[in-house]
Structure formats: structure tokens, C-alpha cells
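In our numbering, the protein residues as written are 107 to 436.
Shown next as C-alpha cells:
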């Protein structure tokens with residue numbers, strides 16, 4: 107058996123530009139909501155800490171996705187170590203492995219952090235394209251890490267950007283991001299002292315923080331704006347306040363996962379602010395016209411992203427096939 111090829115960060119980025127990723131994620135979200143994807147709920151292993159040492163967390167997320175007439179298996183495996191930054195390492199480390207649809211042999215291994223970064227932003231851009239006003243928009247971004255950068259690039263692939271308004275709990279990081287936006291995209295980028303200042307005049311707001319408690323409230327968001335919330339991907343984490351969620355239409359990546367893991371829905375439901383049917387439905391159903399999008403120009407719409415293994419596998423398959431075509435491999 108030939109060993110699978112490892113495709114590193116730089117090559118993944120070269121083979122998966124934002125426009126390509128957006129097209130791929132649009133198709134996989136449609137397939138997911140149409141029942142064409144096989145994907146169980148993720149398995150999470152949380153061993154107990156021993157002798158005062160953090161045990162970490164291991165997540166396993168398999169899926170089978172349709173791609174160009176074939177069905178591909180893949181799996182994302184991730185270890186989370188909150189103590190890694192002290193070692194100069196990211197908290198989330200792992201791989202995405204894809205398997206040949208005909209033989210089942212592993213054909214490629216890719217860095218999970220890069221795939222996750224690019225596919226998450228691309229799906230947000232799909233939501234923006236489906237829900238935001240047509241024409242140029244002002245983008246506000248909360249957070250200043252890799253997801254923040256990826257979201258600027260991805261949203262710019264579906265809408266002309268008038269300007270980018272930034273906020274982070276680390277002002278120096280926001281300043282670095284602003285300089286990157288100016289240099290990389292040639293856009294006006296401003297750093298604001300509060301998220302309210304950054305978001306209030308934006309048609310699109312992307313929250314990419316590691317917040318455990320809400321950072322964005324209803325008065326922070328202009329009527330008619332689209333909010334893409336991607337930072338809270340585990341139970342107990344929230345970026346959006348209960349009243350913002352209650353006062354907005356909500357679109358999900360996965361209704362099943364949201365019902366179990368989306369605290370941004372579960373908390374306001376427990377508070378009696380919304381009912382179990384508050385969410386309008388899934389993004390894939392919206393793309394297929396099975397649920398409505400924006401009902402009025404002033405309606406706020408929230409897209410809640412928990413992330414799907416199908417997104418990781420679809421992105422990884424696309425990269426693996428592009429790599430094979432470029433190198434002449436089979």
C-alpha cells in the first residue's frame with residue numbers, strides 16, 4: 107500500500123483560494139441538508155486529568171460526502187490542549203485524512219487547522235452571499251486571529267467591501283490585522299475600542315472569538331445586518347446575547363447539532379425568550395429555496411456555525427484532487 111501524501115499548510119492555501127472554497131462549501135451545505143451526506147455526531151474523548159496534568163480532549167469527526175459523482179470517506183481528528191500556547195503551539199492540532207472512493211485506501215493527510223480555518227470562513231461567505239444586501243457592504247470582525255483574517259478574505263470573495271471595522275480584546279492584535287487588511291486587500295481598515303463601535307454601522311458582522319460569554323448584543327447590530335457567529339463551537343460557549351438571538355432570524359449549519367450543542371440557542375430557550383422552533387432552518391435548505399431568507403430589509407439574520415465534518419472532508423477532497431492533478435499522481 108502506498109503511503110498517503112501529506113499536503114502542508116502552504117500548498118493547501120494555494121490549492122484552496124477563497125472563491126474555490128466558497129463554491130465547494132455551497133455545494134456541500136446543499137448536499138448536507140438534502141440528506142446526501144453521511145455524518146454521525148462527533149465523538150469526543152475527555153480523559154480525566156492525572157497528577158494535576160491536563161489530559162486534553164480528542165475529537166473524531168468522520169463523514170462521507172459526494173464529490174464529482176463519487177462518494178468520499180474522510181475523517182478529521184483533533185486534539186485540544188489548552189496549555190499548548192505556553193509551548194508556542196496552537197490549542198487545536200490534528201489532521202484531516204481522505205480515502206479513495208473506489209479502494210478505500212488513504213490518499214492524503216492535511217493539517218486540520220488550515221482546513222478548518224478556510225472552510226469555516228468560506229461557509230460564512232456562503233451565508234453572507236445568501237442573506238446580505240446586494241452590492242458593497244461594510245464588514246465588522248470581532249477577533250483578530252486566523253479566522254478573522256480568513257473571514258475578511260472569504261467575505262471579500264462574495265461582496266465588494268467598503269471598509270473593514272475591527273475589534274479585539276487585544277488591541278495590538280487588531281492593529282496588526284488592520285495593517286494586514288490594508289496591505290493584502292487594499293481596503294480601509296479601522297480598529298475600534300468597543301465591538302459596539304465596530305459593528306453598529308456594518309451590514310455584515312463576523313464574530314471569530316474564543317469568548318465563553320456573549321460579546322455582541324442586540325443594540326450593537328444595525329437593523330438588516332447579517333451576523334456570522336463561528337467562535338462558539340462547544341456547549342457552554344456563547345458569542346451572542348440571548349436578546350440578539352431572540353430578536354433575529356436564525357439560520358444553522360446543522361439543526362441536529364444545534365439542538366444538542368448550540369448554547370446560543372439553548373440558553374435563550376432555557377430563559378424562555380425563544381421556543382424550540384425559533385431557528386428558521388439550515389443554510390443548505392435556504393440555498394435550495396426550501397426555507398425563506400431575509401423577510402424584510404430591516405430583519406437581522408444570524409448564521410450560527412458549529413462546523414461539520416462534511417465541510418472538512420469536502421475541502422480536503424478538493425485539495426487532494428487538485429494536488430493529484432498538479433503532480434500527475436493517481
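Backbone N, C-alpha and C define an ideal beta-carbon position, used for all residues, glycine too.
If you're wondering where the values come from, they're calculated on a predicted model, not measured in any experiment.
- Here residue 366 is exposed. Its C-beta has fewer than 16 other C-beta atoms within 10 Å.
- With 16 or more other Cβ atoms inside 10 Å of its own Cβ, residue 413 counts as buried.
- DSSP assignment within the segment 190 to 245 yields the following whole alpha helix (DSSP H) runs of 4 residues or more, N-terminal first: 218 to 237.
- A Cβ-Cβ distance of about 16 angstroms is found for the pair residue 335 and residue 274, leaving them out of contact under the 8 angstroms criterion.
- Counting along the chain, residue 295 sits inside the beta strand (DSSP E) bounded by residues 294 to 297.
- In this structure, residue 407 lies away from residue 311, with their beta-carbon atoms at least 8 angstroms apart.
- Annotation for residue 238: 265, 309, 310 and 332 place their beta carbon closer than 7 angstroms to its own, counting only its chain and skipping 5 residues before and after.
- If you ignore the 5 residues before and after residue 201, its C-beta comes within less than 7 angstroms of the C-beta of 183, 215, 216, 217 and 218, all in its own chain and listed in chain order.
- Under DSSP, residue 286 forms no beta bridge with any residue.
- By the criterion of a C-beta distance shorter than 6 angstroms, residue 111 is surrounded in its chain by 214, once the five residues flanking it on both sides are discounted.
- By the criterion of a C-beta distance shorter than 7 angstroms, residue 204 is surrounded in its chain by 178, 180, 213, 214, 419, 422, 423 and 426, once the five residues flanking it on both sides are discounted.
- One alpha carbon belongs to residue 342, the other to residue 147, and they sit about 17 angstroms apart.
- For residue 322, the three-state secondary structure derived from DSSP is strand.
- With fewer than 16 other Cβ atoms from the protein chains shown falling within 10 Å of its own Cβ, residue 210 counts as exposed.
- With a cutoff of 8 angstroms on beta-carbon distance, residue 270 and residue 295 are scored as near each other.
- Just so you know, the alpha carbons of residue 282 and residue 109 end up roughly 40 angstroms apart.
- DSSP places residue 433 in the helix class (H, G or I) of the three-state scheme.
- Just so you know, the alpha carbons of residue 375 and residue 317 end up roughly 20 angstroms apart.
- Approximately 26 angstroms separates the beta-carbon atoms of residue 244 and residue 119; this is outside 8 angstroms, ruling out the contact.
- Beyond the five residues adjoining it in sequence on each side, residue 199 comes within less than 6 angstroms, by CB distance, of 185 in the same chain, given in chain order.
- Residue 335: member of the beta strand (DSSP E) spanning 332 to 335, first to last residue.
- The count of Cβ pairs closer than 8 angstroms, one atom from the segment 341 to 361 and one from the segment 385 to 400, reaches three, so the stretches are in contact.
- A distance below 7 angstroms between beta-carbons, with the five flanking residues on each side excluded, links residue 403 to the following residues of its chain, in chain order: 330.
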